[in-house]
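Here the protein sequences come in this chain order: A and B. If you read the first sequence in our numbering, its first letter stands for residue 6, the second for the next number, and so on. If you read the second sequence in our numbering, its first letter stands for residue 6, the second for the next number, and so on. Where is the CB? At the ideal position from N, CA and C, for every residue including glycine. A short worksheet on the structure shown next.
2 protein chains.
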Amino acid sequence: MQAVSFKKIDLTDGFWREKQTLIGKVTLRSIYQQFVDTHRFDAFAHQWNEKMDWRPHPYWDSDVAKVMEAACYLLGKNQGEAWMAQLCVQIMDTFEAHQWPDGYFNSYYTLTDPAHRFTNRNDHELYCLGHWIEAAVAYEQIAGDKRMICLVDRYIDLVIRVFQNEHSAGFLTPGHEEIELALLRLYECTGKEKYLDLAAYFVDTRGSGAEPNTSPRRTAFFCQADEPLRMQRQAKGHSVRAAYIYTAMADLARIRTDGALQQACEAIFDNIVNRRMYLTGGIGQTQQGESFTIDYDLENAGAYTETCAAIGFALFLRRMTRLQPRGIYADTAERCFYNGILSGISLDGAHFFYENPLELHPKLQGRYLSVTAPPRQPKTVRQAVFPTSCCPPNIARMIASIGDWLYTHDERTLYVHHYMASEAAFDGMRICQKTQYPFDGAIELCVAGAAELALRIPGWCDAFSIVQNGERVKCAPADGYVRLALDAGENQIILNLQMVPRWTQCNPSVCDSAMKAALEYGPFVYCAEGVDNGENLSAVRVLPDAPIQMEKNACCGLPAITVQAQRQKTFDGLYRRFPMAVEPCTIRMIPYYQFANRGETEMMVWFKT
Amino acid sequence: MQAVSFKKIDLTDGFWREKQTLIGKVTLRSIYQQFVDTHRFDAFAHQWNEKMDWRPHPYWDSDVAKVMEAACYLLGKNQGEAWMAQLCVQIMDTFEAHQWPDGYFNSYYTLTDPAHRFTNRNDHELYCLGHWIEAAVAYEQIAGDKRMICLVDRYIDLVIRVFQNEHSAGFLTPGHEEIELALLRLYECTGKEKYLDLAAYFVDTRGSGAEPNTSPRRTAFFCQADEPLRMQRQAKGHSVRAAYIYTAMADLARIRTDGALQQACEAIFDNIVNRRMYLTGGIGQTQQGESFTIDYDLENAGAYTETCAAIGFALFLRRMTRLQPRGIYADTAERCFYNGILSGISLDGAHFFYENPLELHPKLQGRYLSVTAPPRQPKTVRQAVFPTSCCPPNIARMIASIGDWLYTHDERTLYVHHYMASEAAFDGMRICQKTQYPFDGAIELCVAGAAELALRIPGWCDAFSIVQNGERVKCAPADGYVRLALDAGENQIILNLQMVPRWTQCNPSVCDSAMKAALEYGPFVYCAEGVDNGENLSAVRVLPDAPIQMEKNACCGLPAITVQAQRQKTFDGLYRRFPMAVEPCTIRMIPYYQFANRGETEMMVWFKT
């Protein structure tokens, strides 16, 4: 099964084109400026000494690399600006200027502790290299220029020698995975086996037992190293690390046709989607270690669901789709796109969430006022930058390259996994989508060059119709896709996906959402905010059988949805005898990803029934 | 208004007599043995050196003191055993043997760091002295022997010199309050003004601004020292510290007729009872600093509600009742007795809870398995001892002296605040209660020597009847009490308090309990356990309008109560479209204080409706 690069796909007008334009015009500039202001670019330029009032950080280089990667994608889709191209060149100049003779590059170690490079498993050196590799691949894809690849190749050769050949580093595999998936991207870009071999070495070594847990603070479990990856069947540990290594595992399973790896990937996916995933596609159930916990443990207010984890999960799902086109993979990726990922960026494009909980209670922020070292609470207001600011450039590069998720194909079949207004030509195939999706469910496709077209029918869609070249086609989806035999030449297919609001329930084993209801509309999870509905949403019970009202185009082209509900009436004091006084009310709901764009206010997804 | 000591009151058969017998036969021996096994008595005996595999702790002396205090109370009510009397003498011998020439006594500092006594505000030296003072008062009350009072008097003189006169200590007021209320007890026992003056000095100085916050870990807020106590209007900081200083404030307000202190106590009480108290009477909303948080922040699973805090609250409430006999004070004390305090001790008398949450989810205990330093989670199984084991001896001394809460009187009126089968004679008055309360609501009182009898009608009681000397009396309670003029000589009053199960709602501002219902019966809060009802109680919705069934005597003489409910049916996976499948079910509920006596199992107080 072949992937189709976003390079080959032009998003025309519509939802994602607008998002890419926002990333190009606002987001990346804002991120870049914040990274300049917070000295990340100073550190990268090695402009630091002990007298300064800030210190470099082991993973700051990755922020610079992701800015470069996102810039390349935008430039490649004519969404970029001149400063981005100049920045890429500056970054390569700086990298080259400060790269060690043996190829090593890490501004933190070079500046603060050069004698101890490759000694601390948790210090993100290989994680940073991974992001440099992805930036290099992006630059080559877009500019057709191998300069950055040549620079990272020297560093990779050093890593091959130190880690793979000499075993002379202080640890065997990275504490924070990322380089594995990056090496596989570089392998597929260049065809050089050494990259594949190093990625496979890291995948095979992790959890093999050869590896001591070199971390003082984290368990082997935390970084997916408690057993060989091929043996693993549950999502575990730090959610971003997990998602990144699962992504590499899926690619390696495909490239090496490694059945054991594929089996592990499939079991882990099943564990996540059936036991450990929020309705938004968010993963990572607790901020304690930013980690997965146990089955059915899905607190709403306490949800961690880091933006980067949802992005990493979507990267994994794209690889799984390429391994095997099951509708559930693309369904879940779509759940991430429109909910757990987009919630990470504000509508103005310049403010972000690192955590994306399913409930916000601003009034509880002051609860630890007698504790001098209070535990971290979820942010209730979006931030322009974070001390650990991995998410903003991650969401920028992801949206800029969203086209990568649309299509795969083999000799005869073209798979359409996602619906976005776009035009594409690749490998002798042409496909054009005319649609307002996700604003509505009508999609007109023009396809040529494939013998068969496989269209994903989203799991949320109960009723759909297909008209092929003017004739109504009756067919049922198999494993999430309907298959249409195509004529030689141009084929016109009109797909209509019925999009109506629906109530969703949660498995009763989930304490926090049992006996509750959440509203969904097409691929969107909805939520209610205090700014529309007043505070104390916990005192509201929705009535799923009652009629609802759609307020068209109220939310950036999407409807606001007003549902019937009941609210407990308040009273003085804390406790009172029944009967409980409840009054009928309506609750206005908006797409979840749009929450916290109108000031600090309460927010809730799951409602009592 | 005069207090009536438990010494003057003999509990006859019934609920509390049985509890005292259990304390005397099982509990105190178990606690003592645990404290021996954990080296608390070795440390007290100064049998320690650096080579040993354990270290003394700054507050261990208080554990020994509370064991002595509880032993005295039991001995005083013929509930004691010979070993307890011997232990009291041994303890005094040891104290005398290791007391410094200047009166100082603290095994931790004497053994580990004598040069730094009185330098660390958080190291509980004065807290320990407070408990020694209470033990001394108890010993004098029971044995009529001033030996322990003489020993602590020398220590108090040192404290007066160092703290009150020379200001030569490293801090001005104790980090953990307790000595203030103890000094006031000693003042009322001996009449010596110096004890009253020292207590008043500590109360006046706390938060006066003269005092630097000497604590590196805790804020002034944490120990009620951010503003003068007379200015305080909200419960704040560490809940046990708070309850102990409020107790001292209420006594000092009475002794010195200090209106400003009384006003602070009343405002703080109103804040707790109307904003910050669990249905069980538990206080201390978070384990973070074991502290109060903010209004309406009452998480059920996250409730901290330390047993000692509920006991401290009951001590405060007894003082408030003496200041002014408002029914709400005794109502709230009763709520503590039968729920948040008794829940701290197992039915077998030898196992304890330090925290008393309103929900237990044992299945979530493993959630932090990828975190090497996981946050503390509530214990799901009762323990024989804790590293910090203040609660077990505290509950022992409290139950042994529960009679203290029953009565107050002035020249003409005898107030009956609580109903317990008992006989008492004091200050020319005699009163006998024949009752099975709290097993039922029928109470026969025989009273002589008072002109008026004031009977508390519990706030939970809707219907009651009174027959005085054979004649039905019609009267309505005023501020929680009905007042009956008494004849000279013997008066017989038959009070009947109707006791029926009732559903209670919570203020909708409380996120975790809004739109929910809790079952109460008389003074008891009820809960449901997984062992009776299966797991996933969060998926249950109770039907408060439906009939209930009483299972008489099922729970140590109290009824089990079975209510009608609905339960969400389970399904594969995490999320599913509505309609939700619910099945009718029944939920068997037991008194909250009896939870976790049948193995580790889920528990819930507040149910969806």
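Counting along the chain, B:SER35 sits inside the alpha helix (DSSP H) bounded by residues 33-42.
In the three-state scheme derived from DSSP, where H, G and I count as helix and E and B as strand, B:ARG126 is classed as coil. Per DSSP, A:VAL386 lies in no beta strand (DSSP E) segment and is marked neither H nor E.
B:VAL587: member of the beta strand (DSSP E) spanning 587-596, first to last residue. As summarised for the segment 62-110 of chain B, the continuous alpha helix (DSSP H) elements at least 4 residues long and confined to that stretch are 65-81, 87-103, given in chain order. Counting only runs of at least 3 residues, the segment 246-306 of chain A fully encloses no beta strand (DSSP E) element at all. A straight line joining the alpha-carbon of B:PRO564 with that of B:PHE444 spans about 9 Å. DSSP, reduced to helix, strand and coil, places B:ASP15 within a strand of the structure shown. If you check the CB distance, B:HIS181 and B:TYR249 come in under 9 Å. Look at B:HIS423 here: in three-state DSSP terms it is coil, with no helix or strand label. Between B:GLN267 and B:ARG259, the C-beta spacing is below 9 Å.
Judged by beta-carbon spacing, A:CYS532 lies beyond the 9 Å limit of A:LYS521, meaning their Cβ atoms are not closer than that value.
Judged by beta-carbon spacing, B:GLY317 lies within the 9 Å limit of B:VAL245, meaning their Cβ atoms are closer than that value. Classified as buried, B:LYS613 has 16 or more neighbouring CB atoms from the shown chains inside 10 Å of its CB. Using a 10 angstroms sphere on the CB of A:THR337, the tally of other CB atoms reaches 16 or more, which defines it as buried.
Ranked by Cα distance from A:LEU186, the first of A:TRP88, A:ARG381, A:PHE176, A:VAL208 is A:VAL208. The shortest C-alpha to C-alpha distance from A:TRP611 to any of A:ILE277, A:SER543, A:ALA265 is the one to A:SER543. The C-beta separation of B:HIS243 from B:GLU304 comes to about 18 Å, leaving the pair out of contact by the 8 Å criterion. Nearest in C-alpha terms to A:GLY464, of all of A:ILE471, A:TYR486, A:CYS480, is A:TYR486. The beta carbon of B:LYS557 sits closer than 6 Å to the beta carbons of PRO564 from its chain, once the five residues preceding and following it are set aside; these are given in chain order. With a 10 Å radius around the Cβ and a threshold of 16 neighbouring Cβ atoms, A:ARG190 comes out buried. Judged by their CB atoms, A:ARG340 and A:THR285 are nearer to each other than the 9 Å cut-off. Taking C-alpha positions only, B:HIS172 is separated from B:GLY212 by approximately 16 Å.
Less than 9 Å separates the beta-carbon of B:TYR442 from that of B:LEU502. Among the residues facing chain A, B:TYR442 is not included, as its CB has no counterpart in that chain under 9 Å away. At a cut-off of 9 Å between beta carbons, B:PHE168 makes no contact with chain A.
When beta bridges are read from the DSSP output, A:LYS24 appears opposite no residue.
Taking the CA atoms as reference points, A:ILE154 sits about 13 Å from A:VAL94. Classified as exposed, A:HIS121 has fewer than 16 neighbouring CB atoms from the shown chains inside 10 Å of its CB. The way I'd put it, the segment 321-337 of chain B doesn't touch the segment 409-416 of chain A; fewer than three beta-carbon pairs between them come closer than 8 Å. Residue pairing by DSSP places A:TRP508 opposite A:LEU524 in a beta bridge. Of the candidates A:ALA215, A:GLY214, A:THR312, A:GLN169, A:GLN169 places its Cα closest to the Cα of A:LEU201. Proximity of chain B to A:GLY371 at the Cβ level (cut-off 7 Å) is accounted for by ILE299, in chain order. Bounds of any alpha helix (DSSP H) do not take in B:CYS228, whose DSSP letter is neither H nor E.
Nearest in C-alpha terms to B:ILE96, of all of B:TRP53, B:PHE49, B:LEU80, is B:PHE49. B:GLN239 carries a coil assignment under DSSP once its states are collapsed to helix, strand and coil.
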